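Student:
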Amino acid sequence: FDKPVIDIVETGKNIRNLRIKSGISVRTLQNIFSFSYPQAIYNWEHGVDIPKIDNLLVLAQLFDVHVEDLIVTKSVSVELGESESELIKKYA
């Protein structure tokens, strides 16, 4: 089974690129999110951390994209037992 997982580093790069493309500064984001320091935003952009879902919603609105367009995923293969495979097929 190929399980999608968030690629935090690539998501951070994507957020940074969208921020720059939108002409929004880190300081502006800091103010929008009412952060005392800009470190949280730098952590997002450098793949140290990922925004909480409510912050992803705000970023999507600011950048005029869907939340799904902010997040970069990759697939990780997971070995499943026979009963687990049947369950996945049943609900897929």
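For the sequence shown, our numbering assigns the number 242 to the initial residue and increments by one for each residue that follows. We put the beta carbon where it would ideally sit given N, CA and C, even for glycine. Quick caveat: nothing in here was measured; it's all calculated off a predicted structure.
Need the endpoints of the beta strand (DSSP E) that VAL299 sits in, please.
Tutor: No beta strand (DSSP E) holds VAL299; the alpha helix (DSSP H) holding it covers 294-304.
Student: Rounded to whole angstroms, what is the Cα-Cα separation between GLY318 and PRO245?
Tutor: The sequence shown places Ser at residue 318, rather than the Gly named in the question. About 9 Å.
Student: For GLU309, does the count of other Cβ atoms within 10 angstroms reach 16, so buried, or fall short, so exposed?
Tutor: Exposed, because fewer than 16 other Cβ atoms sit within 10 Å of the Cβ of GLU309.
Student: Return yes when the Cβ of SER277 is within less than 8 Å of the Cβ of LYS303, no when it is not.
Tutor: Rather than Lys, the amino acid found at residue 303 in this sequence is Leu. No, they are not a contact pair.
Student: With a floor of 4 residues, list each alpha helix (DSSP H) that falls wholly inside the segment 253-290, ordered by position along the chain.
Tutor: Counting whole runs of 4 or more residues, the segment 253-290 contains the alpha helix (DSSP H) stretches 267-273, 280-286.
Student: For the putative contact between VAL313 and GLY288, defined by C-beta atoms under 8 Å, what is the C-beta separation to the nearest angstrom?
Tutor: Their Cβ separation, rounded to whole angstroms, is 10 Å, which puts VAL313 and GLY288 out of contact at 8 Å.
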